[in-house]
């Protein structure tokens with residue numbers, strides 16, 4: 004039987020069960036992804052490891068909102084210092100201003116294959132690790 008959790012600031016019942024743990028927390032829209040991140044923490048991983056495991060799990064259990072073909076931006080506090088990571092996709096190696104103009108565009112088009120970038124998430128995961 005599904006347990007409903009009441010939030011005093013929200014009059015609607017929530018149908019997702021919270022997952023609790025000592026000395027760690029993972030928050031996500033999908034309980035299975037939260038459990039994946041929590042499992043990493045329980046095995047001795049750090050918050051970065053858990054975030055990557057959670058994101059990877061989300062590509063399977065909630066592919067419409069998160070995917071391996073996307074980008075990643077991160078702010079990470081570690082070893083007493085704040086780090087920022089821009090994991091946005093790079094433009095394809097073969098693209099150039101001349102190539103875009105040769106296709107009849109005066110500026111980068113909004114739609115079609117020309118403006119598509121190489122996914123940045125996998126490289127950003129590796130950089131975070």
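In the numbering used here, the protein residues as written are 4 to 132.
Glycine is no exception: its CB is placed at the ideal position from the N, C-alpha and C atoms.
Taking the Cα positions, residue 48 is about 23 Å away from residue 123. With contact defined as three or more Cβ pairs closer than 8 Å, the segment 78–98 and the segment 31–41 are not in contact. Pairwise C-beta distances place the segment 104–124 in contact with the segment 67–75, as three or more of them are shorter than 8 Å.
Excluding residues up to 5 positions away in sequence, 22, 29, 30, 31, 57 lie with their Cβ nearer than 8 Å to the Cβ of residue 37 in the same chain.
If you look at residue 41, you'll find it isn't in any beta strand (DSSP E); it sits in the alpha helix (DSSP H) that goes 34–45.
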